[in-house]
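One structure is given here, and the rest of the page talks about it.
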Amino acid sequence: MLLAIDVGNTNAVFALFDGRTIKARWRISTDARRTADEYAVWLNQLLALEGFLRQDISQVIISTVVPRALHNLQVLSHKYFNVEPLIAGVAPADWQMQIDVDEPKSLGADRAVNSIAAHALHPGDIIIIDFGTATTYDVVDYTGAYKGGIIAPGINLSLDALVQAAAKLPRIAIETPRNNRSVIGRNTEDQMQIGVFWGYVAMMEGLVARMRAEIGRPTKVIATGGLAVLFHEHTTIFDAVEPDLTLQGLAMIAERAF
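Each residue of the sequence shown is one higher than the one before, starting from 1 at the first, in the UniProt record's numbering.
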């Protein structure tokens, strides 16, 4: 079985694959100081709860946007699974796609992996929106070439900045405003909900409209990340929601590398 590890700025996701099927997945907060031994204790318990053994893992692939976290994950693979891990973006797990931007090496591993998976699942021109610590918009053309994109503050970052900068504003949850028919709030909390939620929807719709106009061809929009499902209920711009897009991309890369 394949253990795919996707390390983001906020969380790391571990997923166990049997072929292209996810058999289990676990999430832990990203901490570059976490040791291989700490990972092993945590993961061994979770594997047992799902009915798996460490010995079931024969392949490991790691994708990370936090370089300092990589070493301990490599040690985890060597010490506890006796496996030489694949590193996404490094041969033999290199991208094998054209990266048509000014600085190809600056493309984040998560965005490259998403692009590979989205192109495989949705042929044609696509825009991928990934709701993470930052919200990223990535353009992949019909040939599978990465053409560029947008980086915007994630909705939680935006809310954190608002609350920290304005002493009297309360912390609120990211959720649909209570009155979906009105964008005129009657109290502070409602006004914040409207500003954060509908403001973010308006930003997405505006950016996607501009990107589609610039691309000039029919373009699908694929959403992924934790808040994709929530926003999907309140906008028509998404053609598909792929919650496990990054993990699926890692499985695809590992499949062709092994």
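Just so you know, even glycine gets a beta-carbon here, dropped at the ideal spot from N, CA and C. Since the structure is predicted, the reported quantities are computational estimates derived from the model, not experimental observations.
CB contact flag (residue i, residue j, <9 Å)
i: residue 317; j: Phe231; result: Beyond the ends of the chain as shown, which are 1 and 258, falls residue 317; an answer cannot be given.
i: Asn187; j: Ile174; result: no
i: Gly149; j: Val163; result: no
i: Ile127; j: Tyr137; result: yes
i: Thr135; j: Ile116; result: no
i: Arg178; j: Gln191; result: no
i: Leu47; j: Leu76; result: no
i: Ile5; j: Val83; result: no
i: His122; j: Ala240; result: yes
i: Met1; j: Ser63; result: no
i: Arg25; j: Asp160; result: no
i: Asn114; j: Thr235; result: no
i: Phe52; j: Lys79; result: no
i: Asn9; j: Arg27; result: no
i: Val65; j: Ala32; result: no
i: Val101; j: Lys168; result: no
i: Ala254; j: Phe238; result: no
i: Pro218; j: Glu189; result: no
i: Met211; j: Gly144; result: no
i: Ile129; j: Val208; result: yes
i: Thr30; j: Val7; result: yes
i: Ala93; j: Ala257; result: yes
Neighbour-count burial assignment, residue i, 16 or more Cβ in a 10 Å radius
i: Val229; result: exposed
i: Gly249; result: buried
i: Arg111; result: buried
i: His119; result: buried
i: Ile87; result: buried
i: Pro85; result: buried
i: Ile184; result: exposed
i: Gly154; result: buried
i: Gly216; result: exposed
i: Val196; result: buried
DSSP-derived helix/strand/coil call for residue i
i: Leu73; result: helix
i: Gly149; result: strand
i: residue 281; result: Residue 281 cannot be examined here, being either before or after the span of the chain that is shown, 1 to 258.
i: Phe131; result: strand
i: Gln59; result: strand
i: Val83; result: coil
i: Ile99; result: strand
i: Gly89; result: coil
i: Gly225; result: strand
i: Val183; result: coil
i: Asp190; result: helix
i: Phe258; result: coil
i: residue 259; result: With the chain covering 1 to 258 only, the question about residue 259 has no answer from this structure.
i: Val208; result: helix
i: Asp160; result: helix
Strand pairing of residue i, partner residues [DSSP]
i: Val201; result: Bridge partners of Val201: none, in fact.
i: Trp26; result: Phe14
i: Ile126; result: Val140, Lys220
i: Ala4; result: Ala15, Ile61
i: Thr21; result: Asp18
Below-9 Å beta-carbon distance, residue i vs any chain C residue
i: Lys79; result: The question asks about chain C, but that chain is absent: this structure has only one protein chain.
Original post:
So does the stretch 69-80 actually touch the stretch 14-23, counting three or more Cβ pairs closer than 8 Å?
Top reply: No, the stretch 69-80 does not touch the stretch 14-23.
Subject >> Inter-stretch contact at 8 Å, needing at least 3 Cβ pairs: the stretch 192-207 / the stretch 98-109 >> reply: Taking 8 Å as the limit for Cβ pairs, the verdict is that the stretch 98-109 does not touch the stretch 192-207.
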